[in-house]
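The sequence shown begins at 90 in our numbering and counts up by one.
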Amino acid sequence: MCYSALVSDEVSVRELRNRTAEVLRRVESGERLRVTVDRRPVAELVPLASRTVWVPRRRAIDALVQADPALRDELAEALPDTVAEL
């Protein structure tokens, strides 16, 4: 599928300048917009992927410790000590 086929609408650079907040709300809601200058496409505005949810360090460590106490030893045996051994 061609990426440009995913763009649902066009917005002129003038409209972008005059109605920035409205245009950005459209993009934020999931729309993909092609920006044009003199009817010539020059850019595309697309929503950003959702942000990564961060887990507090202590919670991550607690989850790893609970997983399997023997796992660390097994991984240490299976993995080489240095990159050169790869």
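Glycine included, each C-beta is placed from N, C-alpha and C at the ideal position.
Residue range of the beta strand (DSSP E) that includes residue i
{"i": "residue 138", "result": "No beta strand (DSSP E) contains residue 138, which DSSP labels as neither H nor E."}
{"i": "residue 100", "result": "98-101"}
{"i": "residue 122", "result": "122-126"}
Closest residue to residue i among the options (Cα-Cα distance)
{"i": "residue 131", "options": "163, 145, 101 and 166", "result": "101"}
{"i": "residue 119", "options": "135, 107 and 128", "result": "135"}
{"i": "residue 137", "options": "149, 121 and 147", "result": "121"}
Alpha-carbon spacing of residue i relative to residue j, whole angstroms
{"i": "residue 124", "j": "residue 144", "result": "37 Å"}
{"i": "residue 126", "j": "residue 98", "result": "14 Å"}
{"i": "residue 103", "j": "residue 117", "result": "20 Å"}
{"i": "residue 90", "j": "residue 107", "result": "Below a pLDDT of 50, predicted positions are generally treated as unreliable, and residue 90, at 38, falls in that range; the measurement from the model is reported next regardless. For residue 90 and residue 107, the distance between alpha carbons rounds to 32 Å."}
{"i": "residue 111", "j": "residue 151", "result": "44 Å"}
{"i": "residue 142", "j": "residue 166", "result": "32 Å"}
{"i": "residue 128", "j": "residue 148", "result": "52 Å"}
Status (buried if at least 16 other CB within 10 Å, exposed otherwise) for residue i
{"i": "residue 160", "result": "exposed"}
{"i": "residue 164", "result": "exposed"}
Residue interval of the alpha helix (DSSP H) (run including residue i)
{"i": "residue 115", "result": "109-117"}
Any C-beta of chain B under 7 Å from that of residue i
{"i": "residue 132", "result": "Absent here is chain B; the protein component of the structure consists of one chain."}
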